[in-house]
Amino acid sequence: MIQCQDLRKSYDTHAVLKGIDLGIPKGSIFGLLGPSGAGKTTLIKILTGQIRYDSGNVKVFEKEPACLSGRDKKKFGIMMDNFGVYERFSCGDNLSVYADIYGVSHDRIWHILKEVGLEDALKKSASDLSKGMRARLQLARAFIHAPEIIFLDEPTSGLDPQTMRGIHRIIQEKKDAGCTIFLTTHNMEEASKLCDKVALLNEGEIIEEGKPEDICRRYDHQKKIKIHLSDGKDIELDRQETAAGRISELLRARMLETIHSTEPTLESVFLELTGRNLEEDE
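Take -4 as the starting number for the sequence shown in my numbering and just add one per residue.
Right, dumping it as structure tokens:
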């Protein structure tokens, strides 16, 4: 669905994207992880034809973004910042605008609001929405025309855990329905939970990519097993055959409460590779 080869983009003398290579198959959730200013939003704008790139090859629906027709672009659903929210309009009227643009029946409006948990906010003004409700309205706007590719730029930024889980559920449902999701985030837990594949973006370059669990295993230098015992003690064992006997003894003695391997998180991998946290601003 999306392919990039040696994609480059600069603003004046500042290189924002430095040779991006990506391949995103249909029906998957792809996560682009990186701090603010790493180039995530710029990449979305290029893929959706909002801005031009300097060099490289980019294909979306097997076409250059500049060659996408209006019909092609109607296959996109986009959620970026406060993009597409009219403050003085009700939730229902906000969606009416986009229903008319995309040629969607107004009968769908209540159903899409229900899908994102806003069915009781049909007549509520957008200016009166909480941050979590606003995020749901933006999702409803992105979903209303049943797009094939959905671009979500930091969809859960600043939201409480309960609201975040609700949005994760909605995103997963869209994937299950066959949508391709392009997700940017600096939330490691979100990426690990949702994404089939992630790429770590730092200063315009992809420094690592793959399945989240594969990346974490790749950087597991300790290769230890951490065990918490019922008496409150913690022990570590080398991850080798000799550990099996010790674990068996602890199980028979009913001493073992928890057991974990030492794979790092995506956050710690990013820190190891760049010396910075995903949450840092540039």
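A virtual CB, placed ideally from N, CA and C, is assigned to each residue, including glycine.
It should be emphasised that the depicted structure is a prediction, and the values quoted were computed from it without experimental measurement.
Quiz item: Which of the three DSSP states, helix, strand or coil, is assigned to K70?
Solution: coil
Quiz item: Smallest Cα separation from L232: which of I162, L245, P30?
Solution: L245
Quiz prompt | Range of the contiguous alpha helix (DSSP H) that encloses T36 | solution = Counting along the chain, the alpha helix (DSSP H) containing T36 begins and ends at 35 to 42.
Practice problem: Provide the residue(s) that pair with K188 in DSSP beta bridges, ordered along the chain. | Solution: The partner list for K188 (beta bridge, DSSP) is empty, contrary to what the question assumes.
Quiz item: Considering only residues of the same chain and omitting the five flanking positions on each side of F25, which have a CB-CB separation below 6 Å?
Solution: Only I19, F177, K192 meet the Cβ criterion.
Self-check item: Contacting residues, own chain, Cβ-Cβ under 8 Å from L154 (five flanking each side not counted)
Solution: K126, G127, A130, I162
Practice problem: Put F265 into one of helix, strand or coil per three-state DSSP. | Solution: helix
Practice problem: Report buried or exposed for C174, applying the criterion of at least 16 other Cβ atoms within 10 angstroms of its Cβ. | Solution: Around the beta carbon of C174, 16 or more other beta carbons sit within 10 angstroms, so the residue counts as buried.
Self-check item: D16 versus D49 - alpha carbon distance
Solution: 14 Å
Quiz item: Can you list the alpha helix (DSSP H) stretches of 4 or more residues lying completely in the region 76 to 108, in chain order?
Solution: 86 to 97
Practice problem: Using a threshold of 7 Å, state whether the C-beta atoms of G51 and R3 are closer than that. | Solution: Less than 7 Å divides the Cβ of G51 from the Cβ of R3.
Exercise. Using the Cα positions of Q45 and S5, report the straight-line distance between them to the nearest angstrom.
Key: Rounded to the nearest angstrom, the two C-alpha atoms are 15 Å apart.
Quiz prompt | Coarse secondary structure for S243, derived from DSSP in three states | solution = helix
Exercise. With K169 as the anchor, note down where its alpha helix (DSSP H) starts and where it stops.
Key: For K169, the enclosing alpha helix (DSSP H) stretches over residues 156 to 171.
Exercise. Ignore the nearest five residues each way along the sequence and tell me which others in T269's own chain have a CB closer than 6 Å to its CB.
Key: Cβ neighbours of T269 beyond the five flanking positions: N197.
Exercise. Determine contact between the region 55 to 64 and the region 90 to 100, defined as no fewer than three beta-carbon pairs at a distance below 8 Å.
Key: Verdict: no, contact absent.
Quiz item: Is DSSP giving E231 helix, strand or coil here?
Solution: strand
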